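Chemist: Before I ask anything, here is the structure I am working with.
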Amino acid sequence: MDLCQVPEQHHATLSASYSGTNKTVAVASPALSWYDAQAYCRKYYTDLASSTTEEENSQLVQVVLLQGESWIGLFRDKWKWVDRTLQDATNLQWRDGQPNNFVGNEDCGVVYTGLLIDRPCNDLYPFFCHTILPVRVQQIVNLHVNSDENVFDPAVQSAILKRIQQKLEVHGMLENTTVTWSLQPDGNIFYKKKKDGN
């Protein structure tokens with residue numbers, strides 16, 4: 287299936303914050319197989335949604351009431367979430383008599399009224415995707431520079447900043463990172479340290 291053919295107007299986004307993280311659950315209404323739903327979620331979000339806490343389960347139940355039975359990121363390989371957080375089904379809230387593997391190939395999980403059922407992965411259902419929103423962290427670093435060059439010269443300041451960015455990149459830390467100078471109260475970036483340590 288070409289995932290680009292899924293019409294954009296057929297999904298909506300429900301935002302919720304779980305366990306101190308910013309986790310967005312997207313409700314996708316086109317009915318797809320579990321594998322196609324997972325591929326769609328991985329292309330446009332992070333993955334099929336997992337319901338690993340009571341709060342997450344409660345949020346999914348609210349949407350299931352509107353949408354009906356829906357794929358989530360649960361599959362049989364000792365029943366675990368796509369993010370591998372659960373190794374067995376003992377802690378999951380299954381509907382009575384589930385999982386039953388009734389037709390011998392019910393290897394994917396569907397959520398319905400807050401309980402889980404197993405279904406063949408090729409059945410078509412709406413589904414839930416999730417993504418973790420990036421958390422913005424600001425780190426302020428004081429920099430001491432010993433230089434014969436004029437650190438008040440914008441070209442020198444730019445060269446120092448570029449060197450810092452290169453070091454971050456070498457250590458794999460530059461992706462999604464912005465490095466900027468902070469101005470001192472006098473409007474300068476640097477100040478000259480006095481000989482007595484102040």
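Just remember that this note's numbering sits 286 ahead of the position in the sequence shown, which is counted from 1. Just so you know, even glycine gets a beta-carbon here, dropped at the ideal spot from N, CA and C. Only a predicted model underlies this, so the values are computations on that prediction, with no experimental measurement involved.
#1: Taking the C-alpha atoms as reference points, what is the distance between K329 and N432?
#2: In its own chain, which residues sit with a C-beta less than 8 Å from the C-beta of W380, not counting the 5 before and 5 after it?
#3: Taking all protein chains shown into account, do 16 or more other C-beta atoms lie within 10 angstroms of the C-beta of K478, making it buried, or fewer, making it exposed?
#4: Answer with buried or exposed for K364, where buried requires no fewer than 16 other C-beta atoms within 10 angstroms of its C-beta.
#5: Could you pull the DSSP bridge partners for D404 from this structure?
#6: I'd like to know if the region 347-364 and the region 389-401 are in contact, where contact means that at least 3 CB-CB pairs between them fall below 8 Å.
#7: Excluding sequence positions up to five away, which residues of its chain have a Cβ less than 6 Å from the Cβ of F476?
#8: Less than 9 Å separating the beta-carbons of D322 and C415?
#9: Using a 10 Å radius around the Cβ and a threshold of 16 neighbouring Cβ atoms, would you call V465 buried or exposed?
#10: Give every residue of the same chain whose Cβ lies closer than 7 Å to the Cβ of L487, excluding the five residues on either side of it in the sequence, and list them in chain order.
#11: Under the three-state reduction of DSSP, which class applies to I426: helix, strand or coil?
#12: Taking DSSP as the reference, what is the three-state secondary structure of G306?
Modeler: Working from what's here:
#1: Each residue's alpha carbon lies about 48 Å from the other.
#2: These residues qualify, in order along the chain: L401, L402 and I403.
#3: Counting Cβ neighbours within 10 Å, K478 comes out exposed, since fewer than 16 surround it.
#4: Exposed is the call here.
#5: DSSP links D404 through a beta bridge to G395.
#6: Touching, yes, given that three or more Cβ pairs across the two stretches are closer than 8 Å.
#7: These residues qualify, in order along the chain: V437.
#8: Taking 9 Å as the cut-off, the Cβ atoms of D322 and C415 do not count as close.
#9: Exposed, because fewer than 16 other Cβ atoms sit within 10 Å of the Cβ of V465.
#10: Since the first and last residues shown for the chain are 287 and 484, residue 487 lies out of range.
#11: Looking at I426 - three-state DSSP - the assignment turns out to be coil, as it is neither helix nor strand.
#12: Residue placement at G306 cannot be trusted, given a pLDDT of 41 that sits under 50; the coordinates are not used to answer.
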